[in-house]
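Below is one structure; the comments refer to it alone.
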Amino acid sequence: MTAVTSEGVTSKRGVGVSADTTLGLLLVSPIVITMAALVFYPMGRTLWDSLHRVNPMQAGTPFVGLENYTRMLTDGQLATTWVNTLIYVVLAVAAETIFGVLAAALINQIKVGRQWVLAAVILPWALPGVVNSVIWLWIYQPGAGLLNGILSALGLPFENHVWFNDRTSAIIAVTVVHVWRMMPLTIVIVLAAMQSIPAHLYEAARIDGATRFQMFGLVTLPLVRSAIAVAMTNATVNAFNLFDEAWVLAGASLETRPVLVQIYLETFQNLRFSYGMALSVVITLVSLLISLVYVLRVYRNTRFD
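Quick note: the sequence shown uses our numbering, first residue 10, plus one each step.
In structure tokens:
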């Protein structure tokens, strides 16, 4: 009798697990199909076409193997755009992380009207990149620009100063606009982590005689480290995808051109579609590899108990 009962329970459990698995597959199938249609298939097709010669001015799409990839090694303009992109990534990630964490800490101290401050902070991120860039294009105007006006009013020699005359100031100007647009995302991520820290930890630190700066360094920063890593991952990927700011502010200038602008020029102006696809594959892989470093670091430092 006992044996029959055990078999019946085992059988029911088996049916239950099978039903749950089927239900789970049915629930995730729409997003899997959507991802396959909108992400995986385009990525696979891009990789496939990058191994062929795709040019609307030439008939056929012959297989060329790694020719489009080996061509990158001798492309002088591409080397310059990679240097520019890496500069953007380093400057943007550093600025967004440092100022984003500090801004999140300040907002976390606000007790009244915090939601309104946060709404104002998020606004640049909510606006389209082109809109932000056009606004800053007027701010950077040599004659009637707001930035030159403020600096001149302070007695600094910036009257009619052209910010895009040299490479250094142009790259900094583009980076400032990108940081202005993307830093709110860092602030939101880090602020959410700060608000989840138990209050009794600060009380214990205060009883031990810790100052505000000591509490920030010994309590807050260690507990939001994972959130900072996630924010840095987003900042890195977004910096690699920098396009709107560079295109609107500086156009096709090689001095400030990131890789994405180079991809646009190769694909839609030079009509070298397969070469542009190969460039897209490479920058995607680079972004994924760098992001993987952050993700693995977060995973290693996260406790799941």
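Idealized CB from N, CA, C, for every residue including glycine.
Query: On the DSSP bridge list, what partners appear for H61?; Result: F72
Query: Beta carbon of L155, beta carbon of W172: below 9 Å?; Result: no
Query: Determine the DSSP secondary structure at S262, reduced to helix, strand or coil.; Result: coil
Query: Is it the case that the CB of D175 approaches a heavy atom of the ligand NAD more closely than 8 Å?; Result: No copy of the ligand NAD appears in this structure; indeed no ligand is present at all.
Query: Taking the straight line between their C-alpha atoms, what separation do you get for V199 and P193?; Result: 10 Å
Query: Leaving out the 5 sequence neighbours to the left and right, which residues in its chain are closer than 8 Å to R22 when beta-carbon positions are compared?; Result: Bear in mind that the predicted position of R22 carries a pLDDT of just 49, short of 50, making it unreliable; the figure below should be weighed with that in mind. Excluding positions up to five away in sequence, the list is empty.
Query: Quick check on P137: does DSSP put it in helix, strand or coil?; Result: coil
Query: Does the beta-carbon distance from V102 to A244 come in below 9 Å?; Result: yes
Query: Under three-state DSSP, which class holds E168?; Result: coil
Query: Considering only their Cβ atoms, is the gap separating Y273 from W256 smaller than 9 Å?; Result: yes
Query: Can you tell me the Cα-Cα spacing of A28 and L35, whole angstroms?; Result: 11 Å
Query: Please say whether V130 and I119 have beta carbons closer to each other than 9 Å?; Result: no
Query: Apart from the five residues on each side of it in sequence, which residues of its chain come closer than 6 Å, Cβ to Cβ, to A104?; Result: V188
Query: Spatial neighbours of S178 within its chain, please: C-beta separation below 7 Å, excluding the five flanking residues on both sides.; Result: W172
Query: Please classify R54: is it buried, with 16 or more other beta-carbons within 10 angstroms of its beta-carbon, or exposed?; Result: exposed
Query: Taking C-alpha atoms, which residue in L232, M241 and A219 lies nearest to P207?; Result: L232
Query: Should L251 be labelled buried (16 or more other beta-carbon atoms within 10 Å of its own) or exposed?; Result: buried
Query: Run the CB neighbour count on P267, radius 10 Å, all protein chains shown included, and call it buried at 16 or more, exposed below.; Result: buried
Query: Using a Cβ-Cβ distance cut-off of 9 Å, determine whether A103 contacts chain C.; Result: Absent from the structure: chain C. Only one protein chain is present.
Query: Would you mind stating whether L258 and V186 have Cβ atoms separated by less than 9 Å?; Result: yes
Query: Identify, in the order they occur along the chain, each residue of the same chain with its Cβ nearer than 7 Å to the Cβ of P133, setting aside the five sequence neighbours on each side.; Result: N141, W189, R190 and P193
Query: Among E168, N117, V143 and A248, which one has its Cα closest to the Cα of G260?; Result: V143
Query: Ignoring anything shorter than 4 residues or poking outside the region 180–210, list the alpha helix (DSSP H) runs there in chain order.; Result: none
Query: Please report how far the alpha carbon of M66 lies from the alpha carbon of V290, in whole angstroms.; Result: 23 Å
Query: Given a cut-off of 9 Å on the beta-carbon distance, is the pair N174 and G152 in contact?; Result: no
Query: Spatial neighbours of V246 within its chain, please: C-beta separation below 7 Å, excluding the five flanking residues on both sides.; Result: S296 and S300
Query: Can you tell me which of N117, V304, I180 and H209 puts its alpha carbon nearest to the alpha carbon of A236?; Result: V304
Query: Please report the straight-line C-alpha distance between M81 and W145, rounded to a whole angstrom.; Result: 33 Å
Query: Just how far apart, CA to CA, sit T184 and Q271?; Result: 17 Å
Query: Looking at the structure shown, is L298 part of a helix, part of a strand, or coil, going by DSSP?; Result: helix
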